[in-house]
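Residue numbers (UniProt numbering): 1 to 417. Where is the CB? At the ideal position from N, CA and C, for every residue including glycine. Written below as structure tokens is the structure these notes are about.
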């Protein structure tokens, strides 16, 4: 086997300062210290604090990634970095560091779309895994990418490496954003998504969920021993692959308010509470039941749209990426959905939950896969190909680094291979 390219990858797209060394698709290191304590008390990511934390940590994170991988800059073939989408002032920190390193050590620099990193994260391999071929390019096309995170919820038709078409997306809030905001309504703190999953898992076997459908709407009903709750599945009956989570968030708030108000009215009638006192009084079991229904409804919308996508496009694989994919419930729901449609379709997702959140390892994997694709097309990293390489985000001359800038609203579009 020929020697695999080694990239030093950097990602500072949001609130994770991450650096990684990736050889081929093997993750040799993936350093990603959490900023959670910086942002937790504010109930969400504060951009200025994220930038400050990135600035304070980036040097040590890069050093630690090289140390853990047992590599020096002499071993690194090129540097790769996320340039969007993400928080503008956060992206700037990683891009500047990548430029400085590439210029100092005379390395080529490759800029990577953060969402392509999530899309290709399923192809990352552990350092201990045995790779029996030089060709680690994805082989099975077309495929459908399902990207579910705090900032995005979208379906990508993958026709080949760099050949991407967005075929469906949320029209408002992302799935992850919806879960976090609804979790806050229940007092679960930030981020609420993992807590919702834990509560739902603990209570799920004690309740039953059924799908109710008519010509106009589809909803899920959760039946408990003492009653039932309902939530609508937005856009379930639309004839496209788009989704909506703002409507689910509103419906969830109305449900929580109704349960609280009903309990208040009962206590007032029993003389246990004065009518003019505001109260939010949900018992743990009620919160758990609401978590089950919320999670099921959020994921059912994805499953419904995925079935429609599978019917429309003849695909061989489904790739999962993004922070919400850390949920075993979502992965299970998608596997069941795909299996019910066609058992031959393979569902791929990252080998570790650390590769579902924002991380540099997926950026390194995406960079090396794209680099191998260029080699396959016999596009060499030579000066005469400088213009073509720049179209693919590869800068071989440090004099051109000044042209690299962050793109906070970057879309995942097809490259011109």
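ask   = Taking all protein chains shown into account, do 16 or more other C-beta atoms lie within 10 angstroms of the C-beta of residue 304, making it buried, or fewer, making it exposed?
value = Mapped onto the chain shown, residue 304 falls at position 304. Residue 304 is buried by the Cβ-count criterion.
ask   = Is DSSP giving residue 382 helix, strand or coil here?
value = The residue you call residue 382 lines up with position 382 of the chain shown. Looking at residue 382 - three-state DSSP - the assignment turns out to be coil, as it is neither helix nor strand.
key: Beta-carbon proximity check, residue 146 vs residue 334, cutoff 8 angstroms   = Numbered from its first residue, the chain shown carries residue 146 at position 146. Numbered from its first residue, the chain shown carries residue 334 at position 334. Contact flag set, yes.
ask   = If you run the structure through DSSP and keep just helix, strand and coil, what is residue 426?
value = Since the first residue shown for the chain is 1 and the last is 417, residue 426 is missing from the structure and cannot be characterised.
request  = Using a threshold of 8 angstroms, state whether the C-beta atoms of residue 17 and residue 33 are closer than that.
outcome  = Indexing the chain shown from 1 puts residue 17 at position 17. Indexing the chain shown from 1 puts residue 33 at position 33. Yes, the Cβ-Cβ distance between residue 17 and residue 33 is below 8 angstroms.
inquiry  = Please state the DSSP three-state secondary structure of residue 141.
reply    = As a working mapping, residue 141 is identified with position 141 in the chain shown. Residue state, collapsed to three classes: coil.
inquiry  = Tell me which residues share the same chain as residue 61 and place their Cβ nearer than 6 angstroms to its Cβ, disregarding the 5 neighbours each side in the sequence.
reply    = The sequence position of residue 61 within the chain shown is 61, counting from 1. Within the same chain, residue 61 has close Cβ partners 17, 19 and 31.
task = List the whole-angstrom C-beta distance separating residue 330 from residue 148, where the pair is believed to meet the contact cut-off of C-beta under 8 angstroms.
result = On the chain shown, position 330 is the one that residue 330 refers to. On the chain shown, position 148 is the one that residue 148 refers to. Right, their Cβ atoms sit about 7 angstroms apart.
key: Cβ neighbours of residue 72 in the same chain (closer than 7 angstroms, five flanking residues each side left out)   = Position 72 of the chain shown, counted from the first residue, corresponds to residue 72. Cβ neighbours of residue 72 beyond the five flanking positions: 66.
query = Beta-carbon separation of residue 362 and residue 124 under 8 angstroms?
reply = Walking along the chain shown from the start, residue 362 turns up at place 362. Walking along the chain shown from the start, residue 124 turns up at place 124. Yes, Cβ-Cβ distance for residue 362 and residue 124 is below 8 angstroms.
When 21, 405, 374 and 409 are compared against residue 392, the one with the closest alpha-carbon = To locate residue 392, count along the chain shown from 1; it is residue 392. When only C-alpha atoms are compared, the closest one is 374.
query = Between the C-alpha atoms of residue 183 and residue 293, what's the straight-line distance to the nearest angstrom?
reply = Locating residue 183 in the chain shown gives position 183, counting from the first residue. Locating residue 293 in the chain shown gives position 293, counting from the first residue. Roughly 12 angstroms between the two C-alpha positions.
inquiry  = Considering just the uninterrupted stretch of the beta strand (DSSP E) at residue 167, what are its terminal residues?
reply    = Within the chain shown, residue 167 is the residue found at index 167, counting from 1. Residue 167 -> beta strand (DSSP E) spans 163-169.
ask   = Expressed to the nearest angstrom, what Euclidean distance is found between the alpha-carbon atoms of residue 365 and residue 24?
value = Looking up residue 365 in the chain shown gives position 365. Looking up residue 24 in the chain shown gives position 24. Near 7 angstroms, if we compare the C-alpha coordinates of residue 24 and residue 365.
Expected contact under 8 angstroms - CB spacing of residue 341 and residue 372 to nearest Å = As a position in the chain shown, residue 341 is number 341, starting the count at 1. As a position in the chain shown, residue 372 is number 372, starting the count at 1. With a Cβ gap of about 31 angstroms, residue 341 and residue 372 do not count as contacting.
ask   = Anyone know if the C-beta pair for residue 99 and residue 109 falls short of 8 angstroms?
value = Reading the chain shown from its first residue, position 99 is the one you call residue 99. Reading the chain shown from its first residue, position 109 is the one you call residue 109. Yes, these two residues count as a Cβ contact at 8 angstroms.
query = Is the CB-CB distance between residue 195 and residue 174 below 8 angstroms?
reply = If you number the chain shown from 1, residue 195 lands on position 195. If you number the chain shown from 1, residue 174 lands on position 174. No. Outside cutoff.
key: Counted within 10 angstroms of its Cβ, other Cβ atoms place residue 193 as buried (16 or more) or exposed   = Reading the chain shown from its first residue, position 193 is the one you call residue 193. Counting Cβ neighbours within 10 Å, residue 193 comes out buried, since at least 16 surround it.
query = In terms of residue numbering, what span does the alpha helix (DSSP H) encompassing residue 110 cover?
reply = Here the question's residue 110 lines up with position 110 in the chain shown. It is not in any alpha helix (DSSP H) - residue 110 instead sits in the beta strand (DSSP E) that spans 108-113.
ask   = Can the beta-carbon of residue 412 be found less than 8 angstroms from the beta-carbon of residue 181?
value = Counting from one through the chain shown, the residue named residue 412 turns up at place 412. Counting from one through the chain shown, the residue named residue 181 turns up at place 181. It is not a contact, given that the beta carbons lie outside the stated cut-off.
message = Mapping the DSSP letters down to three states, classify residue 243 as helix, strand or coil.
response = As a position in the chain shown, residue 243 is number 243, starting the count at 1. It is a strand residue.
ask   = Going by alpha carbons, who is nearest to residue 76 out of 370, 111, 22 and 347?
value = In the chain shown, residue 76 corresponds to position 76, counting from 1. Closest by alpha carbon: 22.
ask   = Counting pairs of beta carbons, one from the stretch 318-325 and one from the stretch 247-255, are three or more of them closer than 8 angstroms?
value = no
ask   = Excluding the five sequence neighbours on either side, which residues of its own chain have a C-beta within less than 8 angstroms of the C-beta of residue 289, listed in chain order?
value = The residue you call residue 289 lines up with position 289 of the chain shown. Counting only Cβ-Cβ distances below 8 angstroms, and skipping sequence neighbours, we find 203, 207, 222, 224 and 229.
ask   = Considering only C-alpha positions, which residue in the set 44, 168 and 50 is nearest to residue 176?
value = The residue labelled residue 176 in the question sits at position 176 within the chain shown. For residue 176, the nearest C-alpha among the options comes from 44.
key: Contact set for residue 64: own chain, Cβ-Cβ below 6 angstroms, skip 5 residues either direction   = Position 64 of the chain shown, counting from 1, holds the residue named residue 64. Only 31 meet the Cβ criterion.
Same chain only: Cβ atoms within 7 angstroms of residue 251, ignoring 5 sequence neighbours per side = Along the chain shown, read from residue 1 onward, the residue named residue 251 stands at position 251. Excluding sequence neighbours, residue 251 sits near 231 and 232.
query = Just curious, the alpha helix (DSSP H) that residue 11 is in, first and last residue?
reply = Along the chain shown, one-based indexing puts residue 11 at 11. Element bounds for residue 11: not the alpha helix (DSSP H) but the beta strand (DSSP E), 6-11.
ask   = At which residues does the alpha helix (DSSP H) containing residue 47 begin and terminate?
value = If you number the chain shown from 1, residue 47 lands on position 47. First-last of the alpha helix (DSSP H) with residue 47: 47-69.
query = So what does DSSP say about residue 29, is it helix, strand or coil?
reply = To locate residue 29, count along the chain shown from 1; it is residue 29. Strand, per DSSP.
message = On the DSSP bridge list, what partners appear for residue 393?
response = Numbered from 1 along the chain shown, position 393 holds the residue referred to as residue 393. None, per the DSSP bridge assignment.
Top-ranked residue by Cα proximity to residue 170, from 378, 246 and 116 = Reading the chain shown from its first residue, position 170 is the one you call residue 170. Considering only alpha carbons, the answer is 246.
task = Evaluate residue 406 with the Cβ neighbour count: other Cβ atoms within 10 Å of its Cβ, from every protein chain shown; 16 or more gives buried, anything less gives exposed.
result = The residue you call residue 406 lines up with position 406 of the chain shown. Flag for residue 406 reads buried.
ask   = Can you tell me whether residue 383 is buried or exposed, with buried defined as 16 or more other CB within 10 angstroms of its CB?
value = Looking up residue 383 in the chain shown gives position 383. Burial call: exposed.
query = Using a Cβ-Cβ cut-off of 7 angstroms (strictly less than) and excluding sequence neighbours within five positions of residue 50, which residues of its own chain qualify?
reply = In the chain shown, the residue the question calls residue 50 occupies position 50. Hits under 7 angstroms: 14, 15, 35, 87 and 90.
request  = With a 10 Å radius around its C-beta and 16 neighbouring C-beta atoms as the bar for buried, classify residue 301 as buried or exposed.
outcome  = One-based indexing of the chain shown puts residue 301 at position 301. By the neighbour-count rule (16 or more Cβ atoms within 10 Å), residue 301 is buried.
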